[in-house]
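In numbering that gives the first Met the number 0, the protein residues as written are 0 to 230. No residue lacks a Cβ here, since even glycine has one placed at the ideal position from N, Cα and C.
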Amino acid sequence: MNKLIDRYAVVFVAVAATLWASDAYFRNPLVQHLSPTQIVVAEDALVTLFLLPVLIRSRGELRNLGRRGWLAVGIIAAGAQALATILFTASFSIAAQHGLFAETFVLQQTQPLIAIALAWIVLRERRRPWFWPAAAVGIAAVYMVLFADHPLSPVSALKNGRLEVGLLALGAAALWASGTVLGRFALGSISFWSMTSLRFTLALPVLVVIVLVQSGLGGFGHYRLSDFLPN
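Shown next as structure tokens:
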């Protein structure tokens, strides 16, 4: 299984990125009547429901996690999973009000760069010399595709007081990047199946507490059946 994953790692990343892109279609109707936290807690609960059997089946691996491993997993769950997704959804929600979706998604693309920098600091990983020029070309290409008609539109958006959209997106990217690096550390002790299951399962109580603090029990009463069905 691990050999298969290593062989097709790039393909898996591409598929995951495609799924992330489709997220905008489903998230847009939700931000009209749900807060970012309400969206994220429901999303996390559904994923946890599917991953809980995986976690139960692989529970024996959890003994391999030491104190540092559990600390890394806890930070991933609370930061990279719970808080980062809330920040991204909040950025998306504000962007929906002002038509700034592109800014949110461009700044989200800084996540790999932040992850690489953190991997260099924390894990002592090094990139090949050609990597940074290639990364710069890739980022410039993404920017030009999104802002081909108005290359300076992000600057105009910042001047018009839309700084919060960028800050929220950057905050999410930084937390996701830290989760990538800490996940690499934890994967030295457990499988990616266990890591993924723990990430969502441990984030759920954190998200529930945040909803209760923000809105009380009434925060769970705003969902509609259509929110859980594709339309």
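Membership of Arg56 in the alpha helix (DSSP H) is indicated by the continuous run Pro35 to Arg56. The continuous alpha helix (DSSP H) containing Leu211 extends over residues Phe191 to Ser214.
Under the DSSP assignment, Leu70 falls in the alpha helix (DSSP H) whose first and last residues are Arg66 to Ile74. Excluding its 5 nearest sequence neighbours in each direction, Ser57 has C-beta neighbours in its own chain below 8 Å: Ile189, Ser190, Trp192, Ser193 and Ser196, listed in chain order. Comparing C-alpha distances from Val180 to each of Thr17, Ala71 and Phe130 shows the shortest one belongs to Ala71.
In its chain, beyond the 5 residues on either side, Ala202, Val205 and Leu206 have a beta carbon closer than 6 Å to the beta carbon of Ala81.
Per DSSP, Trp129 lies in no alpha helix (DSSP H) segment and is marked neither H nor E. Counting only residues of its own chain and dropping the five nearest sequence neighbours on each side, Glu124 has a CB closer than 7 Å to the CB of Ala118. Boundaries of the alpha helix (DSSP H) harbouring His97: Ala83 to His97, taken from the DSSP string.
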